[in-house]
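Reviewing the structure listed below.
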Amino acid sequence: SLSIGVTSITAIMAHSTLQGAEYRAAHGEEAWMDLLGAFAVLVGLASVLLSLLGAARLVAYIPGPVKTGWKLGFAVTVVASQTAGALFRVGAKYPAQNCRLPKWALPWVDNGAALPISGGSAAMYRLCWMLLQPWLWDLDTGLLSALALAIVMKCKSHLGKVVSFLTFRRVSKPIAGLEVIAATVVGTLLAILMGYSGSVVGKMPSGASGASSNSASELASSALTGWVRQLPWDMPWALLADRLGGWLGAIASAVAFAGVDFLAIVSVVESGPLGPELLGQGFGCVVSGVAGSAPVGGSLSRSLVAQMAGASSPMAGLVAGAATLALAAPGPSALLAPTPKAVLAAVVLAAVLPSVLHPKDMLRLGGRASLVAWSTTAATALLDPTKGFLVGVAVHVVLHPKRLVTRQKLE
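So the sequence shown is numbered by the numbering used here: it starts at 19 and just counts up by one.
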């Protein structure tokens, strides 16, 4: 069951490709959202074209150790991104403000000036900084996270017995995802009772003023079309092409982005046809762009949470999307507002940590395959997923000079 959406990886990649900080400073937030939406639509069209051309079949030629190592490296980056939220009241702001990154002197940059490490290396350094200094952790945040972790990872069978008892054994099978719901509810109630002052989900951003006084038909119309920021034919295509060095550069960037974005899907979907997944990625990017958002991609953390909750069919994505739309309504969103972000971070960690602490697929490998996999993991975690994949393929080619492309299937 694949969950897609805008992830930190796709947002950072789009921001880097379009030089978002510079463009936002020069033209403002509204213009940046228009440009980002146009790029998302272009990536979506590239994904659809790649799917129709059968590009998904090329996944079968990716070496198995590269896929295995890339998935583990991706999981490590998820752990690094969620740990701050589980330990500090203000989440990632605390290590960003208090952890001083080491500097590297690079002779080809600014005449050899020393620059702080960045990207994956900075994330791994901050992760070690946080884990090695437990006296800096916020006690209430850590307790909420530990409680949520314990409920999700250890209480599934116990909750099933409670439900069976309360229903006089009419419900004997475990309810999928009950432990996640229980952890969220218990954590939220406890936070309210203890007056938790850390980061919470908060209220949804308010829409158009006066929406509460609109008629039912106006509210329905707003729900159907209010999310549309700009239609494809109204998007700043000329500005996008100019930003990426012309139409040839724009198309090349979109195709490359779609291919790298698709790797996140490969890390989640281990079997079955991938063509429909690439096609779905394309349509998702188009819709995201129309809404003025970044390109979407497969989310490892969300997919693992869905699998942990018992989702096992493509229908899970449709149900999750419908539930998300329902929760975005004013009433349900108000109920979610006091949910501590520490609890949500703990739920994600509960889904990802087992595969990081005991990577079974990696431990099965030996010899050159193990070297390829661990090199891919290290490069993915220390650089970024794109460079990690390329490093893994390069190491595989070096270690297998007679087989430039080896067709393997990850068992």
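From the three backbone atoms N, C-alpha and C, an ideal C-beta is built for every residue, glycine too.
Model, not experiment: these values are computed from the prediction.
Asked                                                                                                                                                                                      : Found
Within 8 angstroms of any Cβ in chain D, is that where the Cβ of W251 sits?                                                                                                                : Of the protein chains in this structure there is only one, and it is not chain D.
Three-state secondary structure (DSSP) at G138?                                                                                                                                            : helix
Exposed or buried, M380, counting other C-beta atoms within 10 Å across all chains shown (16 or more means buried)?                                                                        : buried
Measuring alpha carbon to alpha carbon, tell me which of V323, R188, V24, T35 ends up nearest L258.                                                                                        : T35
Exposed or buried, which one is P134 when buried takes at least 16 other CB atoms within 10 Å?                                                                                             : exposed
Nearest to S306 by alpha carbon, out of D52, A164, F407, I193?                                                                                                                             : D52
Distance, Cα to Cα, Q299 vs L336?                                                                                                                                                          : 14 angstroms
Would T185 and T357 qualify as a contact pair, given that the criterion is a beta-carbon distance under 8 angstroms?                                                                       : no
Are the beta-carbon atoms of T360 and L162 separated by less than 8 angstroms?                                                                                                             : It should be noted that the sequence gives Ala, not Thr, for residue 360. Yes. Within cutoff.
Please name the residue, chosen from R261, M212, L167, L196, that lies closest to Y41 on a Cα-to-Cα basis.                                                                                 : R261
Would you identify the three-state DSSP class for I22, choosing helix, strand or coil?                                                                                                     : strand
Could you check which residue in A64, L90, H45, L60 has the C-alpha nearest to that of H376?                                                                                               : L90
Can Q248 be considered in contact with the ligand GTP, in the sense that its beta carbon sits closer than 7 angstroms to one or more heavy atoms?                                          : With respect to small molecules bound, the structure shown includes none, and the ligand GTP cannot be examined in it.
Between G82 and T395, how many whole angstroms is the CB-CB distance? I'm expecting something under 8 angstroms.                                                                           : Rounded, the Cβ-Cβ distance is 14 angstroms, inconsistent with contact.
Helix, strand or coil: which one does DSSP assign to L262?                                                                                                                                 : coil
Using beta-carbon positions only, say whether S388 and G55 come within less than 8 angstroms of one another.                                                                               : no
Just confirm the distance between the C-beta atoms of V61 and A276, as a whole number of angstroms; I'd bet it's less than 8 angstroms.                                                    : 5 angstroms
Let me know if Q115 comes out buried or exposed under the rule of 16 or more other beta-carbons within 10 Å of its beta-carbon.                                                            : exposed
Taking the alpha helix (DSSP H) that W392 belongs to, which residues open and close that run?                                                                                              : 385-400
Considering only residues of the same chain and omitting the five flanking positions on each side of R386, which have a CB-CB separation below 6 angstroms?                                : L417
Which two residues bound the contiguous alpha helix (DSSP H) that contains T159?                                                                                                           : 157-172
Between W5 and G138, what straight-line distance do the alpha-carbon atoms span, to the nearest angstrom?                                                                                  : Outside the displayed range of the chain (19 to 429) lies residue 5, so it cannot be described from this structure.
For the candidate residues L196, A74, T398, L281, whose alpha-carbon lies nearest to that of Q325?                                                                                         : L196
In whole angstroms, what is the alpha-carbon distance linking P313 and L70?                                                                                                                : 19 angstroms
Starting from H11, follow the alpha helix (DSSP H) in both directions and report where the run begins and ends.                                                                            : No information on residue 11 is available, as it lies outside the stretch 19 to 429 that the chain covers here.
Which of the three DSSP states, helix, strand or coil, is assigned to V181?                                                                                                                : helix
Would a C-beta distance cut-off of 8 angstroms place V198 and V170 closer than the cut-off?                                                                                                : yes
Could you name the residues that DSSP lists as bridge partners for W255?                                                                                                                   : BP columns for W255 are empty, so no partner.
So the alpha helix (DSSP H) W153 belongs to, where does it begin and stop?                                                                                                                 : Run containing W153: none; DSSP gives neither H nor E here.
Might you give, ordered along the chain, the residues of its own chain that have their beta carbon closer than 7 angstroms to the beta carbon of G410, omitting 5 neighbours on each side? : V84, G87, W88, V390, S393, T394, A397
Helix, strand or coil, according to DSSP, for K85 in the structure here?                                                                                                                   : helix
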